[in-house]
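Asks:
In the numbering used here, the protein residues as written are 196 to 425.
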């Protein structure tokens, strides 16, 4: 089984090299390509990604659009989406392939933050539970190409909540696996905003999503509440 890793980026020059190095270290000969889709970075993200060994493509900003474009450029039977500031376990691919072999065509990892703050540890604890409010793109997502195409991929017009939307649709048709290991996620959102502010923003936008608010309204609300780059 060939695996394509797809990383949407925007101004990730500080992180992208170590993320690519971690992914390469656990590739085990199954990863056929590592694709970075940059959404208009103003730093050296694209240059550093290319130097680190990734194929680099460019689109307008928007993770859903970027990830779909990455899939269009890929050739793998299995797709693995990773954010540009997320470090998977060293044996990530072994665990993903095991999950797929067990009959789970889609799934994710749990996560923990690169911070010792107890409130963030509490947040991370809940990612082990199979509830939609415990999910998110930071946990990285694996999905077979067949399932991805069957679902129609990400909705390219989504500016926010694209991962929740895809996971909800996927769980209606496929077995979903939460792999019992952690990816390491940057805590920078909590460092540039207070913990309470992030939690309130997440709560408001998640409920706007559930109630069917437009992408423009959700994205606008999130930007008002937080320093949000997408």
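The beta carbon of each residue, even a glycine, is placed where N, CA and C say it ideally should be.
(1) For the region 285-304 and the region 336-352, state whether three or more C-beta atom pairs, one from each stretch, are separated by less than 8 angstroms.
(2) Mapping DSSP to helix, strand and coil, what is residue 215?
(3) Rounded to whole angstroms, what is the Cα-Cα separation between residue 258 and residue 312?
(4) Quick one: Cα of residue 199 to Cα of residue 265, how far?
(5) Looking only at C-alpha atoms, which of 370, 214 and 355 sits nearest to residue 342?
(6) Can you give the beta carbon distance from residue 328 to residue 401, rounded, assuming they're within the 8 angstroms contact cut?
(7) Just verifying my parser: in three-state terms, what is the DSSP assignment at residue 287?
(8) So, with DSSP's three-state summary, where would you put residue 330?
(9) Take residue 228 and list the residues in its own chain whose beta-carbon comes closer than 8 angstroms to its own, dropping the five residues that flank it on each side.
Replies: Taking the geometry as given:
(1) yes
(2) Residue state, collapsed to three classes: helix.
(3) 28 angstroms
(4) Between the alpha carbons of residue 199 and residue 265 lies a distance of about 9 angstroms.
(5) In this structure, 370 is the residue among 370, 214 and 355 with its C-alpha nearest to the C-alpha of residue 342.
(6) 6 angstroms
(7) In this structure, residue 287 counts as helix in the three-state DSSP scheme.
(8) coil
(9) 199, 200, 250, 269, 270 and 271
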